[in-house]
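Enquirer: Take this structure first; my questions come after.
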Amino acid sequence: MPAELFDNAACALAVASEDGTILQANARFSEWLGFSVAELCGRRFQDLLTIGGRIFHQTHLAPMLRMHGSVTEVKLDMLHRDGQKLTVLLNGNKREHADAVVYDLALFGTTDRDKYERELLNARNLAEALLQEKTATEVALQQAQADLNEAYAIAQRRALFAEQMVAIVSHDLKNPLTAIRMASDFLSRGERTAKERQLLGHIGQSSERAQRMIADLLDFTQARVGHGITIKAAPLDLHGVIHRAVDELRVAFPAATLEHHAEGHGDANLDADRVQQIIGNLVANSVAYGDLQRPITITSRLGDGACAVSVHNHGTAIPEALLDGLFEPMTRGTDQGSDVRSVGLGLYIVRELAKVHGGDVAVSSCATNGTCFTVTFQGR
Amino acid sequence: MDLRHRNNVNVLGDGTATLVFSHGFGCNQAMWNDLAPQFLKRFRVVLYDLVGAGLSDLGAFDKAKYSALDGYARDLNEIIDAFAEGPVILVGHSVSAMIGTLADRLAPGRVAAHVMIGPSPRYIDADGYVGGFKRADIDDLLDTLDSNYLGWSSAMAPVIMGAPEQPALSETLSDSFCRTEPDIAKQFARVTFLSDNRQDVIGLTTPVLILQSSDDLIAPVVVGEYLHSVLPNSTYCLVDNVGHCPHMSAPQACAAAMQDFLAPWAIACAG
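If you read the sequences in order, they're chains A and B.
Taking our numbering, I'd label the letters of the first sequence as residues 1 to 380.
Taking our numbering, I'd label the letters of the second sequence as residues 1001 to 1271.
Below, the structure written as structure tokens:
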């Protein structure tokens, strides 16, 4: 009973002509798609597919059946009479008839399996998307790293350049300054009027100030963009060093009254030139911002395990808001004293010098007690 | 760059003019098996696979290069330069008709004539233009391609790609027929069905033979008529055929129309 076998087969069967026209279909085919067998015959198989399936049929299936003579396991969506999608697997075979070619088609419902396969596909797509994302992130990271390295190299070159430039300029400025000082010294030895003497004094003080600025710039450059300030520590008589420094500063700042107090006894292990520089910067600072009608007190203190120097002046208190940033470069307490101020590096350099000695600097400032900078050294 | 390997180029026949056959979306050069042999006595015949299809070098598939038909057109011009002799007539099926048009535009004067089989400059309908499809239809096709990914496994690749040092056997070719690496197939589907080449075809003065199937879902008659109206030097030939591949299902009708159209160049050969 081949007819019965054909109709009751557990899959949908059809025979189509070369152009896809259905010549024969079994009951299963008609049942699955909701068309009677009579309605199916004469229709083209491809017209029962969704539009995507029809394009796929034209571009893949039809040429493949013609060329290869068979297709297997092609998944297609067919349309039920009521518009519902029916997912099937198609096997097709070309059969040569006496006068024509026909295609034997077998369809298997695969709706449930399709759901599972779609999940697999989604998972695969997700995995591929994540992989792509990861690769993109890695590439971006590498690029960022390369950019960073390049920026770092550029910054290094700039820092080196700045350091060298400041060093060269400072060095080159020293010679003309020395010439100016020698010339003014020479001039002041002769007979001078009071006015001339005053002008020569200005020249001398200004060139000394310029020299301090140059020294500050050199130190700043070394501390900030170079390899740090270097010191040569050696045992020294702190009180004596400070005493001589104060004597020199009296000449530099004739308008101010400088008093030196020495407290305690013992030796210290410090770089004498740098200690003088610290005192010089702090005194210059006090002269610029303090009350010159009252004395500026310089104290050197030796005690057990530590030594310190401090500079105290009576002046308007430094506003609280400015105290925190006082030791940062290019910072000034107030705008007063603009005719005596430096480039704003003095306190920064004091702190850097204190640090390389293993110490630190502190400031206290109030209206009643005035302002006091204290540098504490650990080096004994 | 070994073009022969990259595009699985095969040169056959004998003549002073060259026919370059370029297959369409979904298949490979084996689709010319019923048509190309009819021209071997009067023409030099060049067959090749688009990169990503058939026995082409899948390693040469550069996503960026082939993200537009231009990439395929540049390949075609390289193949023409390397393998064609004398006047060149491009025989392009479906999307390859547009690849041929772009190749012609890129190197004006190099192509003597086009034979376009089932061509369409744009598949998706636009204002005042009927291409036959909506955007959603193309998404549905991509979905169908996706569904049949499972028919492809990486284990299949070496078999299908074949060993490059071995001559391409027609058997291997038919085995690989219409099987394409899924990612490549999807990208090619997008590039093909979402392209708009109307500005490239309008006013192209190279002689063109349009072979239009009388019943074609992919390139409907109205599209063939549109092309005939915008190609000033075109000959329109309606072939009685169901489906998008008249060169496979009606090769005699196609060959007859082509013999007439190609007569001037075939005579050049005889002379």
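Here a beta-carbon is modelled for each residue, glycine too, at the ideal position from N, C-alpha and C.
As the structure is a prediction and not an experimental result, all values here were calculated from the model.
Let's see if you can read the secondary structure: which residues bound the alpha helix (DSSP H) around residue 8(A)?
Expert: Indexing the first sequence from 1 puts residue 8(A) at position 8. 2-8 is the extent of the alpha helix (DSSP H) around residue 8(A).
Enquirer: Got a sec? Which residues, its chain only, sit under 8 Å from residue 1211(B) by beta carbon, not counting five neighbours each side?
Expert: Translated into positions along the second sequence, residue 1211(B) becomes position 211. 1115, 1116, 1117, 1118, 1237, 1239, 1246, 1247, 1254, 1257 and 1258.
Enquirer: Check whether the segment 1090-1106 of chain B touches the segment 1012-1023 of chain B, taking contact to mean three or more Cβ pairs, one atom from each stretch, closer than 8 Å.
Expert: Because the criterion of three Cβ pairs below 8 Å is met, the segment 1090-1106 of chain B and the segment 1012-1023 of chain B touch.
Enquirer: For the segment 1241-1264 of chain B, which residues have a beta carbon sitting closer than 8 Å to at least one beta carbon of chain C?
Expert: No chain C appears in this structure, whose protein chains are A and B.
Enquirer: Can you give me the C-alpha to C-alpha distance between residue 86(A) and residue 75(A), rounded to a whole angstrom?
Expert: The count along the first sequence starts at 1 and reaches residue 86(A) at position 86. The count along the first sequence starts at 1 and reaches residue 75(A) at position 75. When rounded, the distance between both Cα atoms is 10 Å.
Enquirer: In whole angstroms, give me the CA-to-CA distance for residue 308(A) and residue 211(A).
Expert: Taking the first residue of the first sequence as 1, we reach residue 308(A) at position 308. Taking the first residue of the first sequence as 1, we reach residue 211(A) at position 211. Rounded to whole angstroms, residue 308(A) to residue 211(A) spans 26 Å at the Cα level.
Enquirer: Is it right to say residue 145(A) is buried, meaning 16 or more other beta carbons lie within 10 angstroms of its own, or is it exposed?
Expert: As a working note, residue 145(A) is residue 145 in the first sequence. Under this definition residue 145(A) is an exposed residue.
Enquirer: Which one of 103(A), 44(A) and 97(A) has the shortest CA to CA distance from residue 67(A)?
Expert: By 1-based counting over the first sequence, the position of residue 67(A) is 67. It is 103(A).
Enquirer: Do residue 1147(B) and residue 1069(B) count as a contact pair if the criterion is CB distance below 8 Å?
Expert: Numbered from its first residue, the second sequence carries residue 1069(B) at position 69. Numbered from its first residue, the second sequence carries residue 1147(B) at position 147. No, they are not a contact pair.
Enquirer: Within the same chain, show all residues whose beta-carbon is closer than 6 Å to that of residue 73(A), passing over the 5 residues directly before and after it, in chain order.
Expert: Walking along the first sequence from the start, residue 73(A) turns up at place 73. Excluding sequence neighbours, residue 73(A) sits near 89.
Enquirer: Answer yes or no: does any C-beta atom of chain A fall closer than 8 Å to that of residue 1047(B)?
Expert: Working through the second sequence from its first residue, we reach residue 1047(B) at position 47. Output row for residue 1047(B): interface = no.
Enquirer: How would you label residue 1027(B), buried or exposed, when you count the other beta carbons within 10 angstroms and need 16 or more for buried?
Expert: On the second sequence, residue 1027(B) is found 27 positions in, with the first residue counted as 1. Buried is the call here.
Enquirer: Tell me which residues share the same chain as residue 274(A) and place their Cβ nearer than 6 Å to its Cβ, disregarding the 5 neighbours each side in the sequence.
Expert: One-based indexing of the first sequence puts residue 274(A) at position 274. Answer for residue 274(A): 231 and 353, listed in chain order.
Enquirer: Short check: CB of residue 377(A) to CB of residue 361(A), under 8 Å?
Expert: The sequence position of residue 377(A) within the first sequence is 377, counting from 1. The sequence position of residue 361(A) within the first sequence is 361, counting from 1. Not in contact: residue 377(A) and residue 361(A) (Cβ atoms no closer than 8 Å).
Enquirer: Report the residue ranges of all alpha helix (DSSP H) runs contained in full by the segment 47-103 of chain A; include only those spanning at least 4 residues, in chain order.
Expert: DSSP runs (the alpha helix (DSSP H)) wholly in the segment 47-103 of chain A: 51-56 and 62-68.
Enquirer: Grab me the residues of residue 1243(B)'s own chain with a C-beta within less than 6 Å of its C-beta, minus the 5 sequence neighbours each way, in chain order.
Expert: By 1-based counting over the second sequence, the position of residue 1243(B) is 243. Excluding residues within five positions, the ones whose Cβ falls inside 6 Å are 1249.
Enquirer: For residue 1077(B), go through chain A and note every residue whose CB falls closer than 9 Å to its CB, in chain order.
Expert: Working through the second sequence from its first residue, we reach residue 1077(B) at position 77. Chain A residues near residue 1077(B): none, gap ~25 Å exceeds 9 Å.
Enquirer: Report the residue from 173(A), 247(A) and 229(A) whose alpha carbon sits nearest the alpha carbon of residue 348(A).
Expert: On the first sequence, residue 348(A) is found 348 positions in, with the first residue counted as 1. Per the Cα distances, 229(A).
Enquirer: Are residue 1132(B) and residue 1264(B) closer than 8 Å when you measure CB to CB?
Expert: For the purposes of this step, residue 1132(B) is identified with residue 132 of the second sequence, where counting begins at 1. For the purposes of this step, residue 1264(B) is identified with residue 264 of the second sequence, where counting begins at 1. For residue 1132(B) and residue 1264(B), no; Cβs fall outside 8 Å.
Enquirer: Listed from N- to C-terminal order along the chain, which residues in the segment 1210-1244 of chain B have their beta-carbon within a distance smaller than 7 Å of any beta-carbon of chain A?
Expert: Result list: 1217, 1218, 1242, 1243 and 1244.
Enquirer: Could you give the DSSP three-state label for residue 15(A): helix, strand or coil?
Expert: Mapped onto the first sequence, residue 15(A) falls at position 15. It is a strand residue.
Enquirer: Report the residue from 60(A), 21(A) and 78(A) whose alpha carbon sits nearest the alpha carbon of residue 32(A).
Expert: Working through the first sequence from its first residue, we reach residue 32(A) at position 32. Of 60(A), 21(A) and 78(A), the residue nearest in Cα terms is 78(A).
Enquirer: Does residue 259(A) come out as helix, strand or coil in the three-state DSSP assignment?
Expert: Here the question's residue 259(A) lines up with position 259 in the first sequence. Three-state result, residue 259(A): strand.
Enquirer: Let me confirm a value: residue 44(A) is counted as buried when at least 16 other C-beta atoms fall within 10 Å, else exposed. Which label applies?
Expert: Working through the first sequence from its first residue, we reach residue 44(A) at position 44. It is buried - the Cβ of residue 44(A) has at least 16 other Cβ atoms within 10 Å.
Enquirer: So who's on the other strand from residue 264(A), going by DSSP bridges?
Expert: Here residue 264(A) refers to the residue found at position 264 of the first sequence. In the DSSP output, where bridge partners are listed per residue, residue 264(A) has none listed.
Enquirer: Does residue 1147(B) come within less than 8 Å of chain A when only Cβ atoms are used?
Expert: As a working mapping, residue 1147(B) is identified with position 147 in the second sequence. Yes, residue 1147(B) counts as interfacial toward chain A.
Enquirer: What does the alpha-carbon distance come out to for the pair residue 222(A) and residue 201(A)?
Expert: What you label residue 222(A) is simply residue 222 of the first sequence in a count that begins at 1. What you label residue 201(A) is simply residue 201 of the first sequence in a count that begins at 1. Taking the straight line joining both Cα atoms gives about 32 Å.
Enquirer: Would you mind reading off the limits of the beta strand (DSSP E) that contains residue 1285(B)?
Expert: Residue 1285(B) lies beyond the range of chain B shown here (1001 to 1271); nothing can be said about it.
Enquirer: Going along the chain, which residues of its own chain have a beta-carbon closer than 6 Å to the beta-carbon of residue 1185(B), five neighbours each way excluded?
Expert: Residue numbering aside, residue 1185(B) sits at position 185 when the second sequence is read from its first letter. Only 1145 meet the Cβ criterion.
Enquirer: Please look up how many angstroms separate the CB atoms of residue 1083(B) and residue 1191(B), rounded, as I've assumed it's under 8 Å.
Expert: Here residue 1083(B) refers to the residue found at position 83 of the second sequence. Here residue 1191(B) refers to the residue found at position 191 of the second sequence. At roughly 24 Å, the Cβ-Cβ gap does not stay under 8 Å, so residue 1083(B) and residue 1191(B) are not in contact.
Enquirer: For residue 122(A), report the span of its alpha helix (DSSP H) as first-last.
Expert: Numbered from 1 along the first sequence, position 122 holds the residue referred to as residue 122(A). First-last of the alpha helix (DSSP H) with residue 122(A): 111-189.
Enquirer: Of all the options 234(A), 28(A) and 157(A), which has the alpha carbon lying nearest to the alpha carbon of residue 3(A)?
Expert: Start at 1 with the first residue of the first sequence, and residue 3(A) comes out as number 3. Among 234(A), 28(A) and 157(A), the Cα nearest to that of residue 3(A) belongs to 28(A).
Enquirer: Could you check how far apart the C-beta atoms of residue 1218(B) and residue 1120(B) are, in whole angstroms? I think they sit under 8 Å.
Expert: The residue given as residue 1218(B) occupies position 218 in the second sequence. The residue given as residue 1120(B) occupies position 120 in the second sequence. Contact holds; Cβ gap of about 7 Å.
Enquirer: Have a look at residue 197(A) and residue 179(A) and give me their C-alpha separation to the nearest angstrom.
Expert: Your numbering for residue 197(A) matches position 197 in the first sequence. Your numbering for residue 179(A) matches position 179 in the first sequence. If you take the alpha carbons of residue 197(A) and residue 179(A), they lie about 18 Å apart.
Enquirer: Any C-beta of chain B within less than 7 Å: which residues of the segment 55-75 of chain A qualify?
Expert: Residues 55, 56, 58, 59, 60, 62, 63, 64, 66, 67, 68, 73, 74 and 75.
Enquirer: Count the other C-beta atoms from every protein chain shown that fall within 10 angstroms of the C-beta of residue 152(A), then say buried if there are 16 or more, exposed otherwise.
Expert: In the first sequence, the residue the question calls residue 152(A) occupies position 152. It counts as exposed.
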